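Novice: Here it is: the structure, laid out below.
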Amino acid sequence: KCDRGQSLDSHYIGRKEDIVRAGRVTRVLNGCRDVLILHHQGQIYAMDMRCYRELHLYVEFNSRLCIGLYQAVDNPTVTPLWTEWRSKGVKQRIHQVTVVKGHVYVTLNTHTEEVESDRYQSHKHRTRWRSQKLFSSKRNITSE
């Protein structure tokens, strides 16, 4: 399991303009933490790459980023079962993003309290994710 307390160092991700142009990038930080860095509404965010609901991926439909839950993967235009937002508390680990002179750095969140997305930061789950990614790409879904 990836140790959340390994380092407080910032990790260089890349040039802000490249991330903005790409919309999102992924990186493995500290050799074991898979992180999604994305540009959304003028801001750059970093979070664990896999959804806390196990191996669901963040995918795109018609150039719109959405979470690949079972309903959305089958048909993103279907009205969801629940029509209002409800918080389930903190489930996904987010990380600090710093932009210095046009360069983006991420500092991993090292709080010791476990969140559900921590469960999927292991070799076992990365291997399962790669299998799912291959399956998704065969269904013509763009995923990282």
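For the sequence shown, the tail end lands on 144 under the UniProt record's numbering, and the numbers increase by one without skipping.
We put the beta carbon where it would ideally sit given N, CA and C, even for glycine.
Predicted model only: the values in this text are computed from it and were never measured.
Is DSSP giving Asp118 helix, strand or coil here?
Specialist: Within the sequence shown, residue 118 is the residue found at index 118, counting from 1. Note: Asp118 maps to helix in three-state DSSP.
Novice: Compute the Euclidean distance between the alpha carbons of Ile44 and Thr110, then round it to the nearest angstrom.
Specialist: Position 44 of the sequence shown, counted from the start, is the residue given in the question as residue 44. Position 110 of the sequence shown, counted from the start, is the residue given in the question as residue 110. Rounded to the nearest angstrom, the two C-alpha atoms are 19 Å apart.
Novice: So for Trp18, helix, strand or coil by DSSP?
Specialist: Counting from 1 along the sequence shown, the entry for residue 18 is found at position 18. In the sequence under discussion, the amino acid at residue 18 is Asp, which differs from the Trp named in the question. Helix, per DSSP.
Novice: With distance defined between alpha-carbon atoms, name the residue in Val106, Arg33, His39 nearest to Val20.
Specialist: For this step, residue 20 is matched to residue 20 along the sequence shown. Val20 has its Cα closest to that of His39, out of Val106, Arg33, His39.
Novice: Classify Gln121: buried if its beta carbon has 16 or more other beta carbons within 10 angstroms, exposed otherwise.
Specialist: Along the sequence shown, one-based indexing puts residue 121 at 121. By the 10 Å Cβ count, Gln121 comes out buried.
Novice: How far does the beta strand (DSSP E) with Val106 in it reach, from first residue to last?
Specialist: The residue labelled residue 106 in the question sits at position 106 within the sequence shown. 103-107 is the extent of the beta strand (DSSP E) around Val106.
Novice: May I ask which residues mark the beginning and end of the beta strand (DSSP E) holding His95?
Specialist: In the sequence shown, counting from the first residue as 1, residue 95 sits at position 95. Taken as a continuous stretch (DSSP letters only), the beta strand (DSSP E) holding His95 covers 94-100.
Novice: So the beta strand (DSSP E) Val90 belongs to, where does it begin and stop?
Specialist: Counting from one through the sequence shown, the residue named residue 90 turns up at place 90. Looking at the DSSP string, Val90 is not in any beta strand (DSSP E), and its letter there is neither H nor E.
Novice: Who are the Cβ neighbours of Thr107 in its own chain at under 6 Å, not counting the five residues just before and after it?
Specialist: By one-based count along the sequence shown, residue 107 stands at place 107. Excluding five sequence positions before and after Thr107, the CB atoms of its chain that fall closer than 6 Å to its own CB belong to Ser10, Gln96, given in chain order.
Novice: Would you give the residue range spanned by the beta strand (DSSP E) that Arg27 belongs to?
Specialist: Looking up residue 27 in the sequence shown gives position 27. Arg27 -> beta strand (DSSP E) spans 24-29.
Novice: Under a Cβ-count criterion, where at least 16 other Cβ atoms within 10 Å of its own Cβ denotes burial, should Ala46 be classed as buried or exposed?
Specialist: Within the sequence shown, numbered from 1, the residue matching residue 46 stands at position 46. Buried, since its Cβ has 16 or more Cβ neighbours within 10 Å.
Novice: Following the continuous beta strand (DSSP E) through His111, name the residue where it begins and the one where it ends.
Specialist: Locating residue 111 in the sequence shown gives position 111, counting from the first residue. No beta strand (DSSP E) contains His111, which DSSP labels as neither H nor E.
Novice: Note the first and the last residue of the continuous beta strand (DSSP E) segment covering Gln43.
Specialist: Within the sequence shown, the letter at position 43 stands for residue 43. Run containing Gln43: 43-48, per the beta strand (DSSP E) assignment.
Novice: Using the beta-carbon count (16 or more within 10 Å), is Val90 buried or exposed?
Specialist: Along the sequence shown, read from residue 1 onward, the residue named residue 90 stands at position 90. Its Cβ having fewer than 16 others within 10 Å, Val90 is exposed.
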